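Engineer:
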Amino acid sequence: MSNIQRVDPPLAAPEKETLLAFLDYHRATLLQKVNGVSDADLRRIMTPSGLSLLGLVKHLAYVEIGWFQETFAGEDLYPVPWTKEDPDADFRIEPHETTADILAFYIAQVERSRTITATASLDDIVRNARDEEYKHMQLRWIIVHMIEETARHNGHADLMREAIDGSTGE
Amino acid sequence: MSDIQRIDIPLAGSEKEIMLAFLDWHRATLLQKVHGVSETDLRRLMTPSGLSLLGLVKHLAYVEMGWFQMQFAGEKHPIPYTDEDPNADFRIEAHETTADILAFYAAQVERSRAIATAASLDDLALIFHHETPDKAGQKPSLRWIIVHMIEETARHNGHADLMREAIDGSTGV
């Protein structure tokens with residue numbers, strides 16, 4: 167993901183190839199939605215709930231970490247920005263964080279996710295069920311969830327981008 | 567889909583079971599997002615491009631029909647959009663009631679479910695409306711169609727999230 171070229175998912179392929187292609191399609195869509203937007207507009211809070219385009223990228227980077235590195239692979243959770251008192255901190259861009267920092271951080275997490283999924287089976291079970299009810303969770307569930315979560319946030323990005331400069335499009 | 571209860575998605579299962587559960591979850595999410603909104607606000611155009619909450623439901627009904635009935639199963643059905651008016655399926659006409667649109671969506675979802683249940687994920691669509699020169703003659707599998715329906719419905723639910731928040735401040739997954 168060094169550039170933001172988007173590849174159409176193959177029309178008739180096996181399960182894993184199809185799922186990973188749709189997830190990559192939405193990761194690239196997110197990067198397209200932030201491309202060409204000024205630093206000020208990327209940080210502009212666009213909804214009463216506090217969403218910004220760059221905040222979405224930061225949030226989705228931590229979503230990639232949480233599902234693939236922490237839950238599935240059982241790695242120690244990267245230091246996270248949120249706390250019980252400040253649960254949405256991962257949506258907030260701090261003054262010292264640059265756009266380049268956030269994009270590089272997102273891309274690095276996507277690369278880690280790809281490495282983890284490349285060598286695993288969709289039937290594999292999570293190593294670190296954060297919750298007792300997650301103990302039977304398959305990689306299959308995580309990838310389909312990542313598709314729908316990234317797609318839904320791209321729906322948020324669609325309307326924020328349209329409000330910023332009028333541009334729309336899949 | 568007579569009510570809008572959302573069912574938790576099984577954490578482990580077969581490919582088809584998991585995929586269809588995620589799709590149903592997003593269909594129910596859409597209905598939750600329009601639930602409790604006044605008639606006026608459901609039809610209010612909320613973006614410069616002309617989106618409304620009820621227009622999203624109408625559009626997604628035609629998306630269900632287009633992918634499952636018309637392309638996968640090869641059926642023919644009347645559609646509101648034309649080359650000159652390509653976004654007509656996002657527009658609520660004066661004679662259409664909210665109940666009409668919700669019933670139409672629910673009916674298309676039922677047809678989609680029946681078609682998906684009876685087929686294999688490797689089965690190919692009989693017709694493909696989006697053929698490109700580099701993929702001439704290729705048809706999408708039912709697997710592709712279902713994953714596409716998940717991401718398209720989820721993305722429109724992202725639109726619904728922000729429209730609903732703008733209408734009454736409510737948010738939530």
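Residue numbers (the numbering used here), protein chains in the order written: chain D, 167 to 336; chain G, 567 to 739.
All C-beta atoms, glycine included, are put in the ideal place defined by N, C-alpha and C.
Every value quoted in this text rests on a predicted model; they were computed, and no experiment measured them.
Please go through the same chain and pick out, in chain order, the residues whose beta-carbon is closer than 7 Å to the beta-carbon of G221 (chain D), but skip the five residues on each side of it.
Structural biologist: As a position in the first sequence, residue 221 (chain D) is number 55, starting the count at 1. F257, R258 and I259.
Engineer: Identify the contact partners of I575 (chain G) in chain D, using a Cβ-Cβ distance below 9 Å as the criterion.
Structural biologist: Residue 575 (chain G) sits at position 9 when you count from the first residue of the second sequence. W307, V310 and H311, listed in chain order.
Engineer: Can you tell me the Cα-Cα spacing of I693 (chain G) and F634 (chain G), whole angstroms?
Structural biologist: Position 127 of the second sequence, counted from the first residue, corresponds to residue 693 (chain G). Position 68 of the second sequence, counted from the first residue, corresponds to residue 634 (chain G). Their backbone Cα atoms lie some 10 Å apart in a straight line.
Engineer: Would you mind telling me which residues of chain D sit closer than 9 Å to G724 (chain G), beta carbon to beta carbon, in chain order?
Structural biologist: Residue 724 (chain G) sits at position 158 when you count from the first residue of the second sequence. Chain D residues near G724 (chain G): A317, R318, H319, N320, G321, H322, A323, D324 and L325.
Engineer: State yes or no: is the beta carbon of G221 (chain D) nearer than 8 Å to at least one beta carbon in chain G?
Structural biologist: The sequence position of residue 221 (chain D) within the first sequence is 55, counting from 1. For G221 (chain D), the answer is no, since every Cβ of chain G falls outside 8 Å of its Cβ.
Engineer: Counting beta carbon pairs with one atom in the segment 311-319 of chain D and one in the segment 716-729 of chain G, are three or more of them shorter than 8 Å?
Structural biologist: Output reads yes: the segment 311-319 of chain D touches the segment 716-729 of chain G.
Engineer: One question on the structure: do V200 (chain D) and L219 (chain D) come within less than 8 Å of each other, judged by their Cβ atoms?
Structural biologist: Residue numbering aside, residue 200 (chain D) sits at position 34 when the first sequence is read from its first letter. Residue numbering aside, residue 219 (chain D) sits at position 53 when the first sequence is read from its first letter. Yes; because the gap between Cβ atoms is below 8 Å, this pair is in contact.
Engineer: Under a CB-based cut-off of 8 Å, is A227 (chain D) close to chain G?
Structural biologist: Indexing the first sequence from 1 puts residue 227 (chain D) at position 61. No, no contact with chain G.
Engineer: To the nearest angstrom, how far is the alpha carbon of A660 (chain G) from that of D252 (chain D)?
Structural biologist: In the second sequence, residue 660 (chain G) corresponds to position 94, counting from 1. In the first sequence, residue 252 (chain D) corresponds to position 86, counting from 1. Approximately 46 Å, taken between the alpha carbons.
Engineer: Less than 8 Å between the beta carbons of V229 (chain D) and I268 (chain D), yes or no?
Structural biologist: The residue given as residue 229 (chain D) occupies position 63 in the first sequence. The residue given as residue 268 (chain D) occupies position 102 in the first sequence. Taking 8 Å as the Cβ cut-off, V229 (chain D) and I268 (chain D) do not qualify as a contacting pair.
Engineer: Does chain D have any CB closer than 8 Å to the CB of K705 (chain G)?
Structural biologist: Mapped onto the second sequence, residue 705 (chain G) falls at position 139. Interface residue, yes.
Engineer: Could you tell me whether the Cβ atoms of L597 (chain G) and I570 (chain G) are closer together than 8 Å?
Structural biologist: What you label residue 597 (chain G) is simply residue 31 of the second sequence in a count that begins at 1. What you label residue 570 (chain G) is simply residue 4 of the second sequence in a count that begins at 1. Yes, the Cβ-Cβ distance between L597 (chain G) and I570 (chain G) is below 8 Å.
Engineer: Between P247 (chain D) and A239 (chain D), which are expected to be in contact by the criterion C-beta below 8 Å, what is the C-beta distance as a whole number of angstroms?
Structural biologist: Counted from its first residue, the first sequence places residue 247 (chain D) at position 81. Counted from its first residue, the first sequence places residue 239 (chain D) at position 73. Rounded, the Cβ-Cβ distance is 21 Å, inconsistent with contact.
Engineer: From the DSSP output, in three-state form, read off A618 (chain G) for me.
Structural biologist: Position 52 of the second sequence, counting from 1, holds the residue named residue 618 (chain G). The sequence shown places Ser at residue 618 (chain G), rather than the Ala named in the question. Residue state, collapsed to three classes: coil.
Engineer: Kindly indicate which three-state DSSP category L589 (chain G) falls into: helix, strand or coil?
Structural biologist: Against the second sequence, residue 589 (chain G) aligns to sequence position 23. Helix, per DSSP.
Engineer: Enumerate, from N- to C-terminal direction, the unbroken alpha helix (DSSP H) stretches of 4 or more residues contained entirely within the segment 198-286 of chain D.
Structural biologist: Those alpha helix (DSSP H) runs which fall completely within the segment 198-286 of chain D and span 4+ residues are 205-209, 219-230 and 265-284.
Engineer: Using a Cβ-Cβ cutoff of less than 6 Å, which residues in the same chain neighbour S168 (chain D) once the five nearest sequence positions on both sides are dropped?
Structural biologist: Against the first sequence, residue 168 (chain D) aligns to sequence position 2. Because the pLDDT at S168 (chain D) is just 44, under 50, the model does not fix this residue reliably, and the point stays unresolved.
Engineer: Count the CB pairs spanning the segment 180-188 of chain D and the segment 298-313 of chain D that are closer than 8 Å, and state whether there are at least three.
Structural biologist: These segments touch.
Engineer: Since Y647 (chain G) is in the alpha helix (DSSP H), which residue starts that stretch and which ends it?
Structural biologist: By 1-based counting over the second sequence, the position of residue 647 (chain G) is 81. First-last for Y647 (chain G): undefined, no H or E at that position.
Engineer: Anything in chain G within Cβ reach of P175 (chain D), meaning under 7 Å, just list it in chain order.
Structural biologist: Numbered from its first residue, the first sequence carries residue 175 (chain D) at position 9. Result: W710.
Engineer: Between T265 (chain D) and Q637 (chain G), what straight-line distance do the alpha-carbon atoms span, to the nearest angstrom?
Structural biologist: Numbered from 1 along the first sequence, position 99 holds the residue referred to as residue 265 (chain D). Numbered from 1 along the second sequence, position 71 holds the residue referred to as residue 637 (chain G). In a straight line, the C-alpha of T265 (chain D) is about 42 Å away from that of Q637 (chain G).
Engineer: From the DSSP secondary-structure annotation, give me the bridge partner or partners of S707 (chain G).
Structural biologist: As a working note, residue 707 (chain G) is residue 141 in the second sequence. Bridge partners of S707 (chain G): G:L690.
Engineer: Going by C-alpha to C-alpha distance, which of G:A587, G:P576 and G:K582 sits closest to S707 (chain G)?
Structural biologist: One-based indexing of the second sequence puts residue 707 (chain G) at position 141. Taking only the C-alpha atoms, the option nearest S707 (chain G) is G:K582.
Engineer: List the residues of chain G whose Cβ lies closer than 7 Å to the Cβ of L185 (chain D), in chain order.
Structural biologist: Here residue 185 (chain D) is taken as the residue at index 19 of the first sequence, counted from 1. What L185 (chain D) touches in chain G: V713.
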